[in-house]
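Residue numbers (mature numbering (1 follows the signal peptide of the UniProt record, and there is no 0)): -20 to -1, 1 to 392. Just so it is clear, CB atoms sit at the ideal spot from N, CA and C, and this is done for glycine as well. Note that the coordinates shown come from a computational prediction; the quantities given were computed from them, not determined experimentally.
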């Protein structure tokens, strides 16, 4: 009897351990034309199988070996500085006197600084900055200031900014005194333009949209229902029915909690949104995973508005991996508590090209249907509980083994 119980517990232990490492979905990746890095896009069709940190995906080759990857996501907004050169229309150098540099500002952009790229030099000089609209009549902008060049340890040139009051002259003249030392070698003159970029997004398909106006609460409810769990990073809303309006709205995410009494749905506020007649309203979310978004627009004493367009979008995310030509690859999706893997490739991000080839994940086969909502963990779904049970059962098995050994010794 004791042997039977021990065998049964051991079998249950193996089953639980296997369940703890089980994948719930699998997909194929398309073959590649050449060896190299590729971006596997985690599209809206893929994210229902991913956890909130996008860490439970693994790539395997035909031999069942893990393929290292690095996770990458677009930035919603990011700025980039770009050096734009001014045209140097005149550059003269008079020995033992001065250097004169005339720059063109054809668009007459209001500026308050000029950046000079100067060959490394350990010297300080006096300078005068003037402005003109016709290159004949010059007016002082900054008089007798020190221009100090220094040594750049990381390169052969250094960028120095000359700051001055905001002005919009068509031409600028920089005069540098060279009476006590040789001239500076000025390579370029220009300004730094800050360019703002937005990340790439993919539209999340909306299964159904319901709009309800309530006069009692003076609100309009816009419900966006998805076919399954989706990650939403941005919502864009356009409303009409009034020439001028400015109203406040709140975005909610729907969740469901499974309890002993059944499923209970509830909405949690995510962010605020301003709805305006001037432009489309756009709000950024932080990877909200839900089956439904609800936008509650406060109408106050105004008549309800009409929804013209509404769109939910997901920020593009990728797994970047080195793939080989002719090799078959699959992507597998594990349980939600499967953490981000540790690969050596993470230390070589600077070796990955800026824009590797892009590929889409093939059809996904669900081995176990992903949970549509939040649920209360049970002994079979919570991995922490599972592993505690495994340790406890190992201890019980060890105790029973000792008892059996003692009994066998007594019998002998």
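Three-state class that DSSP yields for residue i in the structure shown
{"i": "residue 80", "result": "strand"}
{"i": "residue 260", "result": "coil"}
{"i": "residue 152", "result": "strand"}
{"i": "residue 330", "result": "helix"}
{"i": "residue 380", "result": "helix"}
{"i": "residue 27", "result": "helix"}
{"i": "residue 57", "result": "strand"}
{"i": "residue 278", "result": "strand"}
{"i": "residue 357", "result": "With a pLDDT of 48 at residue 357, under the threshold of 50, the predicted position of this residue should be treated as unreliable, and no value is reported."}
{"i": "residue 158", "result": "coil"}
{"i": "residue 324", "result": "helix"}
{"i": "residue 352", "result": "With a pLDDT of 47 at residue 352, under the threshold of 50, the modelled position of that residue is not reliable, and no figure is offered here."}
{"i": "residue 373", "result": "helix"}
{"i": "residue 397", "result": "Because the chain in this structure spans residues -20 to 392, residue 397 falls outside the shown range and cannot be described."}
{"i": "residue 283", "result": "coil"}
{"i": "residue 45", "result": "coil"}
{"i": "residue 242", "result": "strand"}
Residue i, enclosing beta strand (DSSP E) - first and last residue
{"i": "residue 115", "result": "That residue, residue 115, is in no beta strand (DSSP E); it is neither H nor E in DSSP."}
{"i": "residue 176", "result": "166 to 178"}
{"i": "residue 50", "result": "49 to 53"}
{"i": "residue 309", "result": "309 to 313"}
{"i": "residue 219", "result": "199 to 220"}
{"i": "residue 337", "result": "337 to 340"}
{"i": "residue 38", "result": "37 to 40"}
{"i": "residue 71", "result": "67 to 74"}
{"i": "residue 15", "result": "Per DSSP, residue 15 belongs to no beta strand (DSSP E) and is neither H nor E."}
{"i": "residue 139", "result": "137 to 147"}
{"i": "residue 187", "result": "Where residue 187 is concerned, there is no enclosing beta strand (DSSP E), given that its DSSP letter is neither H nor E."}
{"i": "residue 226", "result": "226 to 239"}
{"i": "residue 346", "result": "344 to 346"}
{"i": "residue 297", "result": "297 to 303"}
{"i": "residue 93", "result": "91 to 99"}
Cut-off 6 Å between Cβ atoms - residues of its own chain near residue i, not counting five sequence neighbours on either side
{"i": "residue 75", "result": "none"}
{"i": "residue 393", "result": "This structure cannot settle anything about residue 393, because the visible part of the chain is limited to -20 through 392."}
{"i": "residue 263", "result": "215, 251 and 253"}
{"i": "residue 7", "result": "311, 341, 342 and 344"}
{"i": "residue 70", "result": "82"}
Where residue i falls, given that 16 or more other Cβ within 10 Å makes a residue buried
{"i": "residue 219", "result": "buried"}
{"i": "residue 217", "result": "buried"}
{"i": "residue 206", "result": "buried"}
{"i": "residue 290", "result": "buried"}
{"i": "residue 39", "result": "buried"}
{"i": "residue 200", "result": "buried"}
{"i": "residue 135", "result": "exposed"}
{"i": "residue 160", "result": "exposed"}
{"i": "residue 374", "result": "exposed"}
{"i": "residue 268", "result": "buried"}
Other residues of its chain near residue i: CB distance less than 8 Å, five sequence neighbours each side excluded
{"i": "residue 93", "result": "141, 142, 143, 144 and 171"}
{"i": "residue 118", "result": "110, 111, 112 and 153"}
{"i": "residue 106", "result": "124, 125, 126, 127, 156 and 157"}
Other residues of its chain near residue i: CB distance less than 7 Å, five sequence neighbours each side excluded
{"i": "residue 48", "result": "301, 323, 324 and 325"}
{"i": "residue 243", "result": "236"}
{"i": "residue 42", "result": "307 and 308"}
{"i": "residue 358", "result": "With a pLDDT of 48 at residue 358, under the threshold of 50, the predicted position of this residue should be treated as unreliable, and no value is reported."}
{"i": "residue 228", "result": "252, 254 and 278"}
{"i": "residue 121", "result": "109, 110, 111, 144, 145 and 147"}
{"i": "residue 184", "result": "24, 206, 210, 212, 292, 293 and 294"}
{"i": "residue 61", "result": "172 and 174"}
{"i": "residue 57", "result": "176 and 178"}
{"i": "residue 180", "result": "54 and 296"}
heavy atom of the ligand SAM below 7 Å from residue i C-beta
{"i": "residue 261", "result": "Among the components modelled here there is no ligand, and therefore nothing to report on the ligand SAM."}
Query raised in the report: Counting pairs of beta carbons, one from the stretch 176 to 191 and one from the stretch 239 to 257, are three or more of them closer than 8 Å?
Result: The stretch 176 to 191, when compared against the stretch 239 to 257, does not touch it at the 8 Å Cβ threshold.
**Report entry** Sufficient close CB pairs (3 or more, under 8 Å) joining the stretch 330 to 345 to the stretch 23 to 30
**Finding:** Here the stretch 330 to 345 lies against the stretch 23 to 30, with 3 or more beta-carbon pairs under 8 Å apart.
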